[in-house]
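See structure below.
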Amino acid sequence: MEKGWWYKFWFTLVIVIISLVYLIPTFMGENTPEWYKKLNDKKIRLGLDLQGGMHLVLGVDLDKAISDKADAFATDLETILKERGLEYNKIERVEDSYQIKIDFKKPEYVSSFQDKVLKEYPQFGVVSQSGTEIVFGFNDEYLNNLKRTAIDQAMKTLTNRVDQFGVAERSIAKKGDNAIIVQLPGLTDPDRAKSLLGQTAQLEFKLVEDNVDLFSEHKDKLPEGIKYDYHPIEGKDGQVVTEHYLISKDKDKLLNFLKGIDTKGYAVVLGKEQRELDTYYRTYVVQKKTPLTGEFITSADVFIDHEENRPYVGLSFDVQGAKIFEKLTAENVGRRMAIVLDNIVDSAPVIKEKIAGGHARITLGSMKSYDELLNEANDLAIVLRSGALPAPVEILEERTVGPTLGKDSIDKGIRSIVLGTLLVLLFMAIYYRLSGLIADFALMLNLFLILAVMAFFEATLTLPGMAGLVLTLAMAVDANVLINERIREEVRAGKTPKAAIEVGYGRVFWTIFDSNLTTLISAVILFQFGTGPIRGFAVTLTIGIIASMYTAIVVTRLIMDRIYHSHKIEKISI
Numbered sequence: 004m005e006k007g008w009w010y011k012f013w014f015t016l017v018i019v020i021i022s023l024v025y026l027i028p029t030f031m032g033e034n035t036p037e038w039y040k041k042l043n044d045k046k047i048r049l050g051l052d053l054q055g056g057m058h059l060v061l062g063v064d065l066d067k068a069i070s071d072k073a074d075a076f077a078t079d080l081e082t083i084l085k086e087r088g089l090e091y092n093k094i095e096r097v098e099d100s101y102q103i104k105i106d107f108k109k110p111e112y113v114s115s116f117q118d119k120v121l122k123e124y125p126q127f128g129v130v131s132q133s134g135t136e137i138v139f140g141f142n143d144e145y146l147n148n149l150k151r152t153a154i155d156q157a158m159k160t161l162t163n164r165v166d167q168f169g170v171a172e173r174s175i176a177k178k179g180d181n182a183i184i185v186q187l188p189g190l191t192d193p194d195r196a197k198s199l200l201g202q203t204a205q206l207e208f209k210l211v212e213d214n215v216d217l218f219s220e221h222k223d224k225l226p227e228g229i230k231y232d233y234h235p236i237e238g239k240d241g242q243v244v245t246e247h248y249l250i251s252k253d254k255d256k257l258l259n260f261l262k263g264i265d266t267k268g269y270a271v272v273l274g275k276e277q278r279e280l281d282t283y284y285r286t287y288v289v290q291k292k293t294p295l296t297g298e299f300i301t302s303a304d305v306f307i308d309h310e311e312n313r314p315y316v317g318l319s320f321d322v323q324g325a326k327i328f329e330k331l332t333a334e335n336v337g338r339r340m341a342i343v344l345d346n347i348v349d350s351a352p353v354i355k356e357k358i359a360g361g362h363a364r365i366t367l368g369s370m371k372s373y374d375e376l377l378n379e380a381n382d383l384a385i386v387l388r389s390g391a392l393p394a395p396v397e398i399l400e401e402r403t404v405g406p407t408l409g410k411d412s413i414d415k416g417i418r419s420i421v422l423g424t425l426l427v428l429l430f431m432a433i434y435y436r437l438s439g440l441i442a443d444f445a446l447m448l449n450l451f452l453i454l455a456v457m458a459f460f461e462a463t464l465t466l467p468g469m470a471g472l473v474l475t476l477a478m479a480v481d482a483n484v485l486i487n488e489r490i491r492e493e494v495r496a497g498k499t500p501k502a503a504i505e506v507g508y509g510r511v512f513w514t515i516f517d518s519n520l521t522t523l524i525s526a527v528i529l530f531q532f533g534t535g536p537i538r539g540f541a542v543t544l545t546i547g548i549i550a551s552m553y554t555a556i557v558v559t560r561l562i563m564d565r566i567y568h569s570h571k572i573e574k575i576s577i
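What follows is the structure, encoded as structure tokens:
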């Protein structure tokens with residue numbers, strides 16, 4: 004017994020020392036010495052309900068993600084059909100659907116398209132065909148895959164943004180088929196967080212069609228608040244062209260009016276324009292095709308324009324993006340290129356010359372203070388570095404927990420744990436005497452080990468997590484009650500202390516193991532399918548089950564063996 008006992012003793016002592024090392028930063032907090040932080044800075048983190056913060060439920064516009072995919076393929080088809088020699092009159096996505104319609108110049112091109120092109124894309128199926136027209140769309144399997152991919156990509160992008168925003172204990176999880184739960188404990192700037200998370204950050208570079216007039220024919224029937232304007236600008240090869248556009252203070256009214264206009268194969272996007280102290284929205288006519296997007300960006304950083312003393316975001320493209328950008332600028336010298344972020348034109352500079360090297364810049368508005376512009380530039384750089392969301396997101400639910408409420412929760416939670424623990428300790432000491440005191444020691448060690456493991460994994464403690472601690476302590480006591488009652492029975496049956504302890508621990512082990520195993524399975528399921536506080540409860544409960552098994556079976560047995568085996572005491576105090 005001696006050799007095996009000492010092995011267990013030293014093993015337990017090492018665990019206690021390591022636990023103490025990991026718990027010091029949690030208990031000392033900001034008072035932890037710098038030299039110790041370099042050695043170990045891990046500590047238990049507080050959840051949203053304890054330290055305050057923000058809870059958001061974001062809905063992902065999956066319809067927009069799939070529509071964009073269909074639009075992108077429709078654009079690619081223009082090049083594909085030209086390469087295959089299949090002439091067409093029009094390619095377009097069918098309104099309010101994910102289907103694509105092609106009107107060919109000859110009926111025989113329809114069958115050629117099916118044989119030569121469509122067979123290469125198994126994700127599509129023919130919906131209908133008649134004469135020179137064919138309509139096809141995504142099959143159900145591909146649609147479901149697109150939706151899953153969009154949600155996964157959105158989660159990854161949001162995670163990247165939050166990590167760069169500096170929220171350490173964030174929790175991001177799926178909810179249903181098209182929603183994402185984001186929890187940001189300790190957040191101090193909710194408005195900035197909402198702006199950062201809600202921005203789609205779809206960056207596009209489009210050529211402006213300055214010589215195209217879509218609006219003059221409507222100038223006499225414009226709704227109130229929308230004005231038609233035009234002015235001459237320098238176009239390609241130094242020629243003067245007239246730019247026609249609509250302008251309004253009301254963005255939504257302008258967008259609604261544009262829905263009823265025939266854009267003749269072009270796209271119309273809006274840009275902001277400052278006039279005196281007011282912000283206006285004006286139209287830009289651009290090509291539908293997007294030759295360059297933000298997916299080619301490798302870096303986005305904030306720089307200062309020292310001539311104007313204004314921050315801007317500098318972009319760098321990868322090798323493929325740099326080649327596209329160089330080719331685009333070389334072929335369109337003298338034309339304007341719109342830099343479009345989330346369907347709003349950031350700027351539309353004139354291409355002066357071919358731009359090699361793969362660098363571009365995004366400027367910011369001028370009607371803000373330097374600090375506001377700098378914050379805006381930093382946030383824009385974050386979202387561009389993190390990548391674009393696959394589709395727009397909207398806030399479905401928002402809940403903010405103040406730090407005062409969190410502190411109140413902590414105080415009440417700690418009081419309940421302390422009171423509950425004291426009552427349990429008192430009961431065990433009175434009812435089981437020395438054996439109860441041994442169980443009490445194991446109970447406190449159990450709590451100590453739980454907190455240490457949580458600190459090691461930098462786990463987040465939530466209010467339900469505190470409830471998990473209380474439940475774990477109750478389960479640990481329950482194990483000791485089972486052991487002590489069994490030992491009592493064996494003592495009453497006339498067994499010696501050594502034999503009673505041996506039988507008591509041996510016969511109760513599987514009962515304790517089974518009950519803890521079923522609880523552990525429940526905790527794993529809660530962690531797998533729960534979110535935020537529920538996961539906190541599951542984590543605390545899981546750690547507690549493992550720790551209570553060790554303290555109730557190993558540690559108490561260690562102490563009982565030392566007292567009743569080594570000192571040969573004839574009667575058990577139980």
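Going left to right, the sequence shown walks through residues 4 to 577 as our numbering numbers them.
Even glycine gets a Cβ: it sits at the ideal position worked out from N, Cα and C.
- Our two residues, Ser525 and Glu488, have alpha carbons roughly 27 Å apart in a direct line.
- Glu86: member of the alpha helix (DSSP H) spanning Leu65 to Arg87, first to last residue.
- With respect to Thr29, Lys41 sits apart: the two C-beta atoms are not nearer than 8 Å.
- Non-local C-beta neighbours of Pro235 in its own chain, meaning closer than 6 Å and more than five positions away in sequence, comprise Val243 and Thr245, ordered along the chain.
- Shown here, Gly297 sits in a helix according to DSSP, grouped into three states.
- For Ile21, the closest C-alpha among the options Leu392, Gly533, Phe451 and Thr543 is that of Phe451.
- With fewer than 16 other Cβ atoms inside 10 Å of its own Cβ, Ile572 counts as exposed.
- For Glu329, the uninterrupted alpha helix (DSSP H) run begins and ends at Val322 to Glu334, by DSSP.
- A direct Cα-to-Cα measurement between Lys177 and Ile184 gives close to 6 Å.
- The alpha-carbon of Ile417 is positioned some 19 Å away from that of Met478.
- Taking the Cβ atoms as the reference, Ala153 lies roughly 6 Å from Ala394, within the contact range of under 8 Å.
- By the beta-carbon neighbour count (other beta carbons within 10 angstroms, threshold 16), His247 is buried.
- Close CB contacts of Val456 within its chain, under the 6 Å cut and outside five residues either way in sequence, are with Ile546 (chain order).
- In this structure Tyr284 touches Ser251 by the C-beta definition: roughly 6 Å separates them, less than 8 Å.
- DSSP places Glu220 within a helical segment (H, G or I) once states are collapsed to three.
- A distance below 8 Å between beta-carbons, with the five flanking residues on each side excluded, links Ser419 to the following residues of its chain, in chain order: Met469 and Val473.
- Annotated three-state conformation of Phe116 is helix, per DSSP.
- Non-local beta-carbon contacts of Val138 in its own chain, meaning distances under 6 Å to residues more than five positions away in sequence, involve Gln102, Lys104, Val130 and Ser131 in chain order.
- Excluding five sequence positions before and after Gln167, the CB atoms of its chain that fall closer than 6 Å to its own CB belong to Ile385, given in chain order.
- Between Leu437 and Val511, the alpha-carbon positions lie close to 20 Å from each other.
- For Val421, DSSP assigns no beta-bridge partner whatsoever.
- Here Leu387 is not near Arg313, since their CB atoms are 8 Å or more apart.
- Judged by DSSP in its simplified three-state form, Leu187 adopts strand.
- Within the same chain, Ile354, Lys357 and Ile358 come within 7 Å of Thr332 by CB-CB distance, once the 5 residues on both sides are set aside.
- Distance check between Leu399 and each of Gly201, Asp66, Lys85 and Leu26 places Gly201 closest, using alpha-carbon atoms only.
- In this structure, the straight-line span from the alpha carbon of Ala157 to that of Asp143 is close to 21 Å.
- The Cβ atoms of Thr82 and Asp106 do not sit closer than 8 Å to each other.
- Assignment of Thr162 by DSSP, reduced to helix, strand and coil, places it in the helix class.
- Taking each of Thr203, Leu249 and Val120 in turn and checking the Cα distance to Asp223, the smallest one comes out for Leu249.
- When Asn378, Phe141, His58 and Phe328 are compared, the shortest CA-CA separation from Ala68 is found for Phe141.
- Residues Tyr248 and Ile250 of the same chain have their beta carbon placed closer than 7 Å to that of Asp232, with the five preceding and five following residues left out of the count.
- Between Asn483 and Ala555, the C-beta spacing is below 8 Å.
- Comparing alpha-carbon positions, the option among Ala351, Asp411 and Ile575 lying closest to Thr499 turns out to be Ile575.
- Annotation note: the stretch 235-319 contains the following uninterrupted alpha helix (DSSP H) runs of length 4 or greater, listed N- to C-terminal: 254-261.
- When the alpha-carbon of Leu523 is set against those of Val542, Asn147, Ala77 and Trp513, the nearest one is in Val542.
- DSSP, read as helix, strand or coil, puts Tyr10 in helix.
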